[in-house]
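Residue numbers (this note's numbering): 1 to 382.
Reading through the structure tokens given below for one structure.
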Amino acid sequence: MPEKAISLEQARPVFNALPFPVFISTFGDLTSPVFVNDALLPFATGEDESTPVAEDISLEKLFTLDNSGGKKQRQWASLLQENLPLAVTCRSLKNERYKISLDALTLDGKPYVLGVISLFQEDVALTQAHHDFVSIMSHEFRTPLTSIRGFADTMLHYGTKLAPEQQTRFIKIIRDQSDRLSRMVENILIISKLGQEQKKPQARPVLLSDLVSKVNGALQGKGVNVEKRFVFKDIDTTESLWAEPDSLEQVLLNLMDNAVKYSPEIKTITVSAEPFSEDPKRFVKIVVADEGDGINEEQLTKLFSKFYRTANHMTQQVEGSGLGLYITKTIVQRMGGQIGVESEVGKGSRFWFTVPFNTLEMQNQYRKSILLSGEAADDDDF
């Protein structure tokens, strides 16, 4: 089936999910965007700096371009006379310095300009990371959107002329790609939330067996035969842990779900709890071990990086964005734990992470952090 272009309307929810300012303009009028995401709206405030202006935003009024290259005054209109991609510096209404990265973007077969705005830093890598994030996610979103639109158009065009089994197959593809798109948006929102939160998650006593039961239910809802695929060791005998339940559940779900995706159906997956050798009195080590292809040493060093996926025949069969393990590592570190992986090619992988026990020491540390932040502790947490 021929690939179809993404429209501006389809791109809106993608860019609105991003935590940093983005705009889309035409080549004919760079300063009057046809779209700005929610993160850019706070720049467009009234005189009282309290009411965002959502329409008719003019970049010329919001940002003053810095002098550059010996020119007396750099004009917005002159920017498109230069080759894209292009990065320029500017100042906001509050005289804060920003960098705007401009690049070409095709939507619905038409050329547009994509602008990514970031706080100016001497470390240019941060700006480049923002630009790369938009570029990569735009590419990732394009595949499911193209499939959804293509198969929906086919069904609308041919309707009842399609055989029932064809209709069923097309609908299943549309559903699966919609689910994939939903997971990608959810991952972006999780990353945005993790980046914005400054305080630690609200920890409380948690039983590992209860969390495993919840994750099992979630996996069964996705069609996984948990009893056939998983073996559990020392889960029921583990003391209560000290963690934020939803965050810990997300970590366990990510690792168990990955093990299902990247190991053969005929192989079992072992989930176990064992003492953490570096500090056995304070931490438990939770391990998810599979019997898959394994991962070579070079790939192991990059495994928890954003957008990274290992290269083997299993990853070619499973769709993904390379964000799951990055999110998992971030959550574990925010909970005060460690995460790692041990693997050997042809012999499978052992993903592990640590969680503190529910001890008086952990509770006292929690109370101190609450007092320092000025918040009230919930007595139900103890």
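Ideal Cβ positions, reconstructed from N, Cα and C, are used throughout, including at glycine.
Outcome for Lys281 when other beta-carbon atoms lying within 10 angstroms are tallied against a minimum of 16:
If you number the sequence shown from 1, residue 281 lands on position 281. So Lys281 ends up on the exposed side.
Counting pairs of Cβ atoms below 8 Å between the stretch 258-269 and the stretch 222-236, do you hit three or more?
yes
Assuming Ala273 and Glu244 form a contact by the criterion Cβ under 8 Å, report the distance between their Cβ atoms to the nearest whole angstrom.
One-based indexing of the sequence shown puts residue 273 at position 273. One-based indexing of the sequence shown puts residue 244 at position 244. Not a contact, Cβ separation roughly 18 Å.
Grab me the residues of Leu241's own chain with a C-beta within less than 8 Å of its C-beta, minus the 5 sequence neighbours each way, in chain order.
Sequence index remark: in the sequence shown, residue 241 carries index 241 (1-based). Correct list, in chain order: Pro205, Val206, Leu207, Leu208, Leu248, Val284, Val355, Pro356, Phe357, Asn358.
Among all the DSSP beta bridges, which residues are the ones paired with Gly348?
In the sequence shown, the residue the question calls residue 348 occupies position 348. Glu344, per the DSSP bridge assignment.
Cα-Cα separation, Glu197 to Thr328:
In the sequence shown, residue 197 corresponds to position 197, counting from 1. In the sequence shown, residue 328 corresponds to position 328, counting from 1. Below a pLDDT of 50, predicted positions are generally treated as unreliable, and Glu197, at 49, falls in that range; no measurement from the model is reported.
Host beta strand (DSSP E) of Glu274 (start-end)
Position 274 of the sequence shown, counting from 1, holds the residue named residue 274. Glu274 -> beta strand (DSSP E) spans 269-275.
Helix, strand or coil at Ser68 [DSSP, three-state]:
If you number the sequence shown from 1, residue 68 lands on position 68. Here Ser68 scores only 49 on pLDDT, less than 50, and its place in the model should not be relied on; the value that follows carries that caveat. Correct three-state label for Ser68: coil.
CB Asp290 to CB Ser349, shorter than 7 Å?
Counted from its first residue, the sequence shown places residue 290 at position 290. Counted from its first residue, the sequence shown places residue 349 at position 349. Their beta carbons are under 7 Å apart, which means Asp290 touches Ser349 by this criterion.
For Ser343 and Gly324, I'd like the C-alpha separation in whole angstroms.
The residue given as residue 343 occupies position 343 in the sequence shown. The residue given as residue 324 occupies position 324 in the sequence shown. Going from the Cα of Ser343 to the Cα of Gly324 covers about 18 Å.
Are there 16 or more other CB atoms within 10 angstroms of the CB of Lys99, so buried, or fewer, so exposed?
As a working note, residue 99 is residue 99 in the sequence shown. When all chains shown are included, Lys99 counts as buried.
Can you give me the C-alpha to C-alpha distance between Ile266 and Ile6, rounded to a whole angstrom?
Taking the sequence shown and counting its residues from 1, one reaches residue 266 at position 266. Taking the sequence shown and counting its residues from 1, one reaches residue 6 at position 6. If you take the alpha carbons of Ile266 and Ile6, they lie about 39 Å apart.
Three-state secondary structure (DSSP) at Asp103?
For the purposes of this step, residue 103 is identified with residue 103 of the sequence shown, where counting begins at 1. In this structure, Asp103 counts as strand in the three-state DSSP scheme.
Give me the DSSP bridge partner(s) of Ile24.
Locating residue 24 in the sequence shown gives position 24, counting from the first residue. Paired residue(s): Phe35, Leu114.
So, with DSSP's three-state summary, where would you put Pro205?
Here residue 205 is taken as the residue at index 205 of the sequence shown, counted from 1. In this structure, Pro205 counts as strand in the three-state DSSP scheme.
Evaluate Gln220 with the Cβ neighbour count: other Cβ atoms within 10 Å of its Cβ, from every protein chain shown; 16 or more gives buried, anything less gives exposed.
For the purposes of this step, residue 220 is taken as residue 220 along the sequence shown, with counting starting at 1. By the neighbour-count rule (16 or more Cβ atoms within 10 Å), Gln220 is not buried but exposed.
Taking Cβ to Cβ, would you say Ile57 is nearer than 7 Å to Ala77?
For the purposes of this step, residue 57 is taken as residue 57 along the sequence shown, with counting starting at 1. For the purposes of this step, residue 77 is taken as residue 77 along the sequence shown, with counting starting at 1. Not in contact: Ile57 and Ala77 (Cβ atoms no closer than 7 Å).
What are the start and end residues of the beta strand (DSSP E) that includes Ile57?
Reading the sequence shown from its first residue, position 57 is the one you call residue 57. Looking at the DSSP string, Ile57 is not in any beta strand (DSSP E), and its letter there is neither H nor E.
On the DSSP bridge list, what partners appear for Trp76?
Your numbering for residue 76 matches position 76 in the sequence shown. DSSP output for Trp76 lists no bridge partner at all.
Whole-angstrom Cβ separation of Leu65 and Ile117, contact assumed at under 8 Å?
Within the sequence shown, the letter at position 65 stands for residue 65. Within the sequence shown, the letter at position 117 stands for residue 117. Going by Cβ atoms, the distance from Leu65 to Ile117 rounds to 13 Å, so no, they are not a contact pair.
Can you tell me which of Val332, Asp179, Thr268 puts its alpha carbon nearest to the alpha carbon of Asn225?
Translated into positions along the sequence shown, residue 225 becomes position 225. Closest by alpha carbon: Thr268.
Return helix, strand or coil for Val332, following the three-state DSSP convention.
Against the sequence shown, residue 332 aligns to sequence position 332. Of the three classes helix, strand and coil, the one that applies to Val332 here is helix, per DSSP.
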